[in-house]
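Numbering (the working numbering), first residue to last: 410 to 539.
Glycine included, every Cβ here is placed at the ideal spot set by N, Cα and C.
Here is the structure we will look at.
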Ligand SMILES: [Zn+2]
């Protein structure tokens, strides 16, 4: 099982990575400050899942989004609220080359599947209750 992290643990992970992962790396070629469809420039084999925001005791996580001030889903300013969509479906992935952290999940299902990725920034994480 991948380790579950709550908002506080996620912030701690992100802060640690921000201190350590400062080297230039191919994973930053496409800016991922907001959600993006996984760019072709990204070598997936570099990414390792180190934690998950999916709760084992919640098999049907909500599709509600946390969007204070009506901030858009795609915005680099959008908060990362682990209990809300899409963060409640995300894995936390580490670039094995530089140590930067990313959130990933798969949008849609059936005919429409889009793998999305966003850089994890500690200052965007908010512990918003449902
Ligand atoms: Zn990297």
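Per DSSP, residue 486 is not a residue of any beta strand (DSSP E), being assigned neither H nor E. Distance check between residue 418 and each of 443, 481, 531 places 531 closest, using alpha-carbon atoms only.
Per the C-alpha coordinates, the member of 446, 448, 513, 454 positioned closest to residue 501 is 513. In this structure, DSSP gives residue 411 a state outside helix and strand, which the three-state scheme calls coil. Restricting attention to 439, 427, 446, the CA atom closest to the CA of residue 522 is found in 446. Note that the C-beta distance between residue 528 and residue 510 is below 9 Å.
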